[in-house]
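Each residue of the sequence shown is one higher than the one before, counting from 68 in my numbering. Backbone N, C-alpha and C define an ideal beta-carbon position, used for all residues, glycine too.
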Amino acid sequence: MASKHVLRFSAIVNYFKEEEKLIARGENAVESGHIKDMAFDSQFMIIRGSVHASMRDRIYKVELKLDADAEIGEATCTCPRGQYLCHHMAALAIFSYQNISSTDIACSWTNRKPTDGNVKTIAELFPKKKVHQSVTDAIPDSKINEFKAKLSTYKNAVGLCWLLKEDPKIMDELVDVESIVFSEGYLKAEDKEAYLLNKLSLKEADIYDISVKTRGQSENDMWLIARKNRLTSSNFGAVLAASRRNKYPPSLFKKLTESYTLDGIKAIQWGKQHEANGVKVLEERGNFKVQQTGIWLHTCGYLGGSPDGLVEDYGLVEVKCPFKLRESTSLMHDLKDKSYILFFNDSNELVLNTNHDYYHQIQGNLWLTNRKICYLVIWTPNESLIYNISIDNDWATNINVLQRFYLDVYIPFLYGNKNI
């Protein structure tokens, strides 16, 4: 334990004050031996380390930069949350607090693997217990249905209500992408692309039917099923950028396969909590009703998008609730970030950033829904603005880029050729 700490614990608390639970998770990671190695550069006041993921099958690189006051000025991690805050950062910070002294010019530490030759298997450590069986004979469906019928008469049987809920059914119009790619028909097909396209293609009537059945979006099991292994508009910008560079980082495929969830991030939670507020503002100012909608798929069957709402037969809605502007009292004063979808320039003119991922999301949704205008709502508790974005006819060339990426890059990745 270091006697005089380079990194004070108060500095750790200050940096993670908006997500204090990460400190507890960081402590657990340290206690569980998740720190693989750590190095301290005293000249530049930089701490670098490798931290195991929670499941220990992946290692993330973490970097902490300390300022002149020995506070954490900046932290990065290669995990999905690494551009915001994560418990890997907290773990390295806590480990550094415990192990770096102010007298250390430079130091490094590596977690050595145990060398005990007496290694036991999991089966030896945890012998299988006798399988518990409540009944000795199989229960026929007639008995199960009889039980469910009796149970349904009790409206408040809280602990057993889940038994009455039907399993989510896959829509007849939709096929599971993964089941096609690993099917015998696909594996034996001479022209695999033609086989896949034939299986995935949709008629206009099917597209509308799916958009209706998936209303409620994240609260609807069918919406979650429809999105799986399809390229959705929220990722169009990232895919187009990667295609231009012809470089496809692992993080892109993690995002596309939804291998991780960002629901725990406060900025994401904030957006979900206040989307309805943005819709309400639009309805009041526009004097029209916003209709709920689900996912809209392209006729190819593998491109899709889920607008935040529809306006009659010509418009759609996209609501953004920027977490960093939650305390703003003047958007004209605070909306100055030129890297955002909208910003006020030096002349206080509102400028649309057509390079932003949100722009590609909006244009994608306009093309998928065959609508002409998007009402973009920037909502904050104190002030909101509405910006109308028209369909960009030139953007349509991106549809082919997205399709080629899906067929030439994503499907091989899904099939197993992960050396993209």
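{"Query": "Take P448 and list the residues in its own chain whose beta-carbon comes closer than 7 angstroms to its own, dropping the five residues that flank it on each side.", "Result": "R393"}
{"Query": "Where do the ends of the beta strand (DSSP E) carrying V444 lie?", "Result": "440 to 446"}
{"Query": "Beta-carbon separation of E44 and L398 under 9 angstroms?", "Result": "The structure shown has nothing for residue 44, since the chain only spans 68 to 487."}
{"Query": "Do I102 and I90 have their C-beta atoms closer together than 9 angstroms?", "Result": "no"}
{"Query": "Quick one, are the C-beta atoms of D375 and N296 less than 9 angstroms apart?", "Result": "no"}
{"Query": "Can you give me the Cβ contacts of A158 inside the same chain, cut-off strictly under 7 angstroms, excluding the 5 residues immediately before and after it?", "Result": "G93, A96, V97, H101, I102, V118"}
{"Query": "Going by C-alpha distance, which of E379, I453, L435 is nearest D459?", "Result": "L435"}
{"Query": "Whole angstroms are fine: how far does the CA of C146 sit from the CA of F83?", "Result": "17 angstroms"}
{"Query": "On a Cα-Cα basis, can you pick out the residue from S285, N415, E85 that is closest to Q340?", "Result": "S285"}
{"Query": "Out of Y315, M112, N415, which one is the CA nearest neighbour of S168?", "Result": "M112"}
{"Query": "According to DSSP, is Q358 part of a helix, a strand, or is it coil?", "Result": "strand"}
{"Query": "Using DSSP's beta-bridge definition, name the partner residues of Y454.", "Result": "L443"}
{"Query": "Using the rule of at least 16 other Cβ atoms within 10 Å of the residue's Cβ for burial, across every protein chain shown, is Q358 buried or exposed?", "Result": "exposed"}
{"Query": "Per DSSP, T299 forms a beta bridge with which residues?", "Result": "G371"}
{"Query": "Going by the DSSP bridge assignment, what does C144 pair with across the sheet?", "Result": "V129"}
{"Query": "Roughly how many angstroms lie between the CA atoms of K314 and K405, to the nearest whole one?", "Result": "25 angstroms"}
{"Query": "Hey, quick one: how far does the alpha helix (DSSP H) through S214 stretch, first residue to last?", "Result": "Before going on, a small fix: residue 214 reads as Phe here, not Ser. That run of the alpha helix (DSSP H) goes 208 to 218."}
{"Query": "With three or more beta-carbon pairs closer than 8 angstroms as the criterion, would you say the stretch 291 to 309 touches the stretch 375 to 391?", "Result": "no"}
{"Query": "Rank G283, A137, Y127, V248 by C-alpha distance to the C-alpha of S109 and give the top, closest one.", "Result": "A137"}
{"Query": "Tell me which same chain residues have a C-beta within less than 8 angstroms of the C-beta of M68, skipping the five on either side of it?", "Result": "Model confidence at M68 stands at a pLDDT of 46, short of 50, so the residue's coordinates are unreliable and nothing is read from them."}
{"Query": "Looking only at its own chain, which residues have a Cβ that is under 8 angstroms from the Cβ of A293, when we skip the five neighbours before and after it?", "Result": "M238, L241, I277, T281, G361, I362, L364, G371"}
{"Query": "Would L267 be called buried (16 or more neighbouring beta carbons within 10 Å of its own) or exposed?", "Result": "buried"}
{"Query": "Starting from F411, trace the beta strand (DSSP E) both ways and give me its first and last residue.", "Result": "409 to 411"}
{"Query": "Alpha carbon to alpha carbon, how far is I126 from D258?", "Result": "39 angstroms"}
{"Query": "Going by DSSP, what residue range makes up the beta strand (DSSP E) through E87?", "Result": "E87 -> no beta strand (DSSP E), and no H or E assigned at all."}
{"Query": "My understanding is that Y473 touches V248, with C-beta atoms under 8 angstroms, so please give their C-beta distance in whole angstroms.", "Result": "The pair is not a contact, with the Cβ atoms about 12 angstroms apart (cut-off 8 angstroms)."}
{"Query": "What separation, rounded to the nearest whole angstrom, lies between the Cα atoms of G304 and F320?", "Result": "14 angstroms"}
{"Query": "Cα separation between Y454 and L218?", "Result": "52 angstroms"}
{"Query": "Step through the CB atoms of chain C and report whether any lies within less than 9 angstroms of the CB of I332.", "Result": "No chain C is part of this structure, which consists of one protein chain only."}
{"Query": "By the three-class DSSP mapping on this structure, what secondary structure does K387 have?", "Result": "strand"}
{"Query": "Would you list the one or two residues that DSSP bridges to I139?", "Result": "L133"}
{"Query": "In the DSSP assignment, what are the bridge partners of W363?", "Result": "G372"}
{"Query": "Per DSSP, G345 forms a beta bridge with which residues?", "Result": "Paired residues: none, contrary to the question."}
{"Query": "Assuming W446 and G345 are in contact, meaning their beta carbons sit under 8 angstroms apart, how far apart are those beta carbons, in whole angstroms?", "Result": "4 angstroms"}
{"Query": "Below 9 angstroms between beta carbons: does that hold for V515 and A142?", "Result": "Look at the range of the chain in this structure, 68 to 487, and you will see that residue 515 is not part of it."}
{"Query": "Thinking just about the alpha-carbon of each residue, which of K270, Y381, E325, L307 is nearest to the one in L291?", "Result": "E325"}
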